[in-house]
Amino acid sequence: MTRWSLWLAVLSGALAGRKAVSLWGRSRTRPYARAVPADVARVEHLTKDYGAVKALDDVSFEVREAEVVALLGPNGAGKTTTIEILEGIRAPTAGDVRVLGVDPRRGGRRLRNRLGIVLQSAGIDATLTASEAVRLYASFYRPRRPASEILEQVGLDESASVRVAHLSGGQRRRLDLALALVGAPSLLFLDEPTTGLDPAARRHTWKVIESLRDQGVAIVLTSHYLDEVQRLAERVIVLADGRIVAQGPPASISGATPAAATITFRRIGDAELPAGPWETMHEQHGRVVLETREPVEAARIILSWSADVGIDIRDFEVRQPSLEDEYLRLTSER
Amino acid sequence: MTTAPERQQGSRVSVRSDAPGPERGVLLVPRMAWYHLLLITRSPIGTFISLVIPVMLLVALYLVTPEMTLQSLGGVHIAQFLTPSMASFAVLNVGFVDVVISVTLARDEGILRRLHTSPAPPWAYFAGRLATAVIVAAGAVTIVCGVGVLFLHVHLPLSSIPMLAAAAAAGLATSFALGIAVSTLVPEAVGALPIAYGVLLPVAFVSQVFFPAPSEAPWLRDLAAAFPVLPFVRGMQAAFLVSSQPLDAHGLLIMGGWTGAALLVALFFFSWEPGTRRRRHLRPRSRSR
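Chains as they are written, first to last, in my numbering: chain A, 1 to 334; chain B, 1001 to 1289.
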């Protein structure tokens, strides 16, 4: 490469950078496009005691750019405490927490300017309209997004002039989300964001979350809806009694179960099943129920046997253990 | 499972000095004041009480004794004493009672919690709240004095208005700081009104807000002298009564001492979370952690 081509490359890079800087304040397509560290949040050996109660015990994980991490666990498992420590609301008893590269207790306004927070319980003045509430909170941030754009994004554009007191529970939850998005955050904390929403509103919120993730926003989510977690989260952290009992992609957690897949079917006719790779077999309400760790091989054997002996098989079903099955197993073991 | 889209891995901005900062706090003060004024106009009960009770007391006490003169104050008409006293009471209501109630309610409803997680600086919230209190208190003093001057034949020399405004400002600052401090002691919003008036009314009584007490017991006089209401009320009355003592350095010292102590209490004990700091630590955690 000649010296001129090197200079050209540097100059074009600088111009591209200038363009990006001049655009991100106004861009409607990528309002969140800001440079953030690959590790947006990092938690190492986090412990939190409330007197004699150990709310969190040696919790470690990280959250990366454009990643949705879900914290799962029963009530009292430590989910909200974890989120509140990441938000800087609570101080850890021990351990190291870094959010956007800084201690959240010391990050101050500059850090909060880049966070979006949907708290499990936080109020909005009931006499303000949705639009006034969004405009008030937007005024705290730089850059900030237009209130109309945010309200449209969360599906509250038609209720912009409605006072908070007259919004339904689901609409208030969407307003919570709107207030978390006004500053175009790099990291979003969503503490049970769809609680109280009807199915259509839940799906709308899921789309909002997915679009934020696609724009590079890192999201830490807690939820009691496992279908929500399975759909949204790249990684799931299961907490029980303040400890991490499982961590990984939803599929890997549900696939890591020692419980077998379940095959059920009805057979028309009497014939003994051949031997196969199933661990248990019994009949229930006229259906054969098999539990196996090798569902594909088991299904092949059953279908071959059916064809060979001329037994008709109906309602054939293979059910893999779900995230919910594994979650219940993990949390009930504690 | 979806994968993260390709992103430009530019400079690792993090939250350092080169990262975009939030809006400047000083620019948020008018915004906060607008916000508090909006709340007052939408739900004016508290402010209405702060304005109406002093006016009602002024008119009622005047009507009970319309011809009464106060020999202890040089034979002035009762309205000449009641008007600045009720104006003081209005300032105390706006600066103390309203603040205790509104801050406790906002804390109880989680509004302070949400504000505290935003990049707005805490002082901007208080500055906005104080600016609103200044506007409402100015309105209240104007209304009470206007009623006195227009309907009760009270004489207010124009030259005394700066003295009145200075005393009202000092009283508002002290009562506002005390209101914030007392709000840290109120565990729930339902207790705010009784606690606020439970604190204010006895102090107001011994501090000659409702009647002059030339023959009160020495210990009661000493007790009143220790509180900031007496120098404030006398400072307000001095604009209307030549016999009253204007707000002097001693009075300012007492008020300043209370203001400083209140600010220290607020600094160390003010909580943005529902419940007082101590109660939160003692509360068993029943909900999701």
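By construction, the Cβ of each residue, glycine as well, lies at the ideal position given by its N, Cα and C atoms.
Rounded separation between residue i and residue j - CA only
{"i": "B/Ser1160", "j": "B/Pro1194", "result": "35 Å"}
{"i": "B/Asn1093", "j": "B/Val1182", "result": "14 Å"}
{"i": "A/Ile301", "j": "A/Ala271", "result": "14 Å"}
{"i": "B/Trp1123", "j": "A/Pro321", "result": "53 Å"}
{"i": "A/Glu149", "j": "B/Ser1175", "result": "42 Å"}
{"i": "A/Ala9", "j": "A/His166", "result": "Residue confidence for A/Ala9 is low, a pLDDT of 45 falling below 50, so the modelled location carries little weight; the figure read from the coordinates is stated next. Their backbone Cα atoms lie some 57 Å apart in a straight line."}
{"i": "A/Gly78", "j": "B/Met1163", "result": "58 Å"}
{"i": "A/Gln171", "j": "A/Arg98", "result": "33 Å"}
{"i": "A/Thr129", "j": "A/Ala70", "result": "31 Å"}
{"i": "A/Pro37", "j": "B/Gly1235", "result": "Note that A/Pro37 scores 49 on pLDDT, short of 50, meaning its location in the model is unreliable; the coordinates nonetheless yield the value given after this. Cα to Cα, the separation comes out at about 59 Å."}
{"i": "B/Leu1150", "j": "B/Asp1222", "result": "36 Å"}
{"i": "A/Ala122", "j": "B/Ala1087", "result": "37 Å"}
{"i": "A/Glu326", "j": "A/Ile253", "result": "7 Å"}
{"i": "A/Arg235", "j": "A/Glu67", "result": "8 Å"}
{"i": "A/Glu152", "j": "A/Val134", "result": "12 Å"}
{"i": "B/Asp1248", "j": "B/Leu1267", "result": "28 Å"}
{"i": "A/Glu192", "j": "B/Arg1113", "result": "17 Å"}
{"i": "B/Pro1119", "j": "A/Trp278", "result": "58 Å"}
{"i": "B/Leu1115", "j": "A/Leu187", "result": "18 Å"}
{"i": "A/Ile83", "j": "B/Thr1047", "result": "38 Å"}
{"i": "B/Leu1230", "j": "B/Gln1071", "result": "20 Å"}
{"i": "A/Leu23", "j": "A/Arg114", "result": "The predicted position of A/Leu23 is uncertain, since its pLDDT is 28 and thus under 50; a value taken from the coordinates is nonetheless stated next. The alpha-carbon atoms of A/Leu23 and A/Arg114 are separated by roughly 17 Å."}
{"i": "B/Ile1049", "j": "B/Ser1043", "result": "12 Å"}
{"i": "A/Arg109", "j": "B/Glu1023", "result": "9 Å"}
{"i": "B/Ala1131", "j": "A/Ala52", "result": "44 Å"}
Residue i: contacting residues in chain A (beta-carbon distance under 7 Å)
{"i": "B/Ala1120", "result": "Phe140"}
{"i": "B/Arg1113", "result": "Leu119 and Ala122"}
According to DSSP, residues forming a beta bridge with residue i
{"i": "A/Leu71", "result": "A/Thr222 and A/Ile237"}
{"i": "A/Lys48", "result": "A/Leu56"}
{"i": "A/Ala281", "result": "Per the sequence shown, residue 281 of chain A should be read as Met rather than Ala. For A/Met281, which the question treats as bridged, DSSP gives the partners A/Leu290."}
{"i": "B/His1077", "result": "B/Thr1069"}
{"i": "A/Glu317", "result": "A/Thr264"}
{"i": "A/Val43", "result": "A/Phe61 and A/Val97"}
{"i": "A/Leu115", "result": "A/Leu187"}
{"i": "B/Ala1133", "result": "Bridge partners of B/Ala1133: none, in fact."}
Close Cβ partners of residue i (< 7 Å) along its chain, the five nearest in sequence each way excluded
{"i": "B/Phe1270", "result": "Ile1180 and Thr1184"}
{"i": "B/Phe1096", "result": "Ser1175, Leu1178, Gly1179, Ala1196 and Leu1200"}
{"i": "A/Ala298", "result": "Ile263, Gly276, Pro277, Trp278, Leu290 and Thr292"}
{"i": "B/Pro1246", "result": "Met1163, Gly1235 and Ala1238"}
{"i": "A/Thr81", "result": "Lys48, Ala55, Leu56 and Arg90"}
{"i": "B/Ser1102", "result": "Gly1046"}
Proximal residues of chain B, C-beta to C-beta of residue i below 9 Å
{"i": "A/Ile89", "result": "Arg1113, His1116, Thr1117, Trp1272 and Glu1273"}
{"i": "A/Leu128", "result": "Tyr1035, Leu1038, Leu1039 and Arg1042"}
Beta carbon of residue i nearer than 8 Å to that of residue j
{"i": "A/Leu190", "j": "A/Ile124", "result": "no"}
{"i": "B/Val1242", "j": "B/Gln1208", "result": "no"}
{"i": "B/Leu1058", "j": "B/Leu1082", "result": "yes"}
{"i": "A/Val40", "j": "A/Glu65", "result": "yes"}
{"i": "B/Gly1148", "j": "B/Ala1079", "result": "yes"}
{"i": "A/Thr195", "j": "A/Arg231", "result": "no"}
{"i": "A/Gly269", "j": "A/Ile219", "result": "no"}
{"i": "A/Arg163", "j": "A/Ala126", "result": "yes"}
{"i": "A/Gly88", "j": "A/His45", "result": "no"}
{"i": "A/Ala229", "j": "A/Leu330", "result": "Just to set this straight, residue 229 of chain A is Val in the shown sequence, not Ala. Contact flag unset, no."}
{"i": "A/Leu177", "j": "A/Thr222", "result": "no"}
{"i": "B/Val1100", "j": "B/Ala1192", "result": "yes"}
Cut-off 6 Å between Cβ atoms - residues of its own chain near residue i, not counting five sequence neighbours on either side
{"i": "B/Leu1220", "result": "Val1206"}
{"i": "B/Phe1168", "result": "Rather than Phe, the amino acid found at residue 1168 of chain B in this sequence is Ala. Result list for B/Ala1168: Val1091 and Val1141, in chain order."}
{"i": "B/Gly1171", "result": "Val1091 and Phe1232"}
{"i": "A/Thr280", "result": "Glu291"}
{"i": "A/Gly116", "result": "Ala180, Leu181, Pro185 and Leu188"}
Partner residues on chain A for residue i, Cβ-Cβ distance less than 9 Å
{"i": "B/Gly1179", "result": "Within 9 Å Cβ-Cβ: nothing; B/Gly1179 doesn't reach chain A, min ~19 Å."}
Beta-carbon neighbours of residue i, restricted to chain B and to distances below 8 Å
{"i": "A/Arg112", "result": "Pro1022, Thr1117, Ser1118 and Pro1119"}
{"i": "A/Leu136", "result": "Arg1031 and Tyr1035"}
Contact set for residue i: own chain, Cβ-Cβ below 8 Å, skip 5 residues either direction
{"i": "A/Lys19", "result": "With a pLDDT of 34 at A/Lys19, under the threshold of 50, the predicted position of this residue should be treated as unreliable, and no value is reported."}
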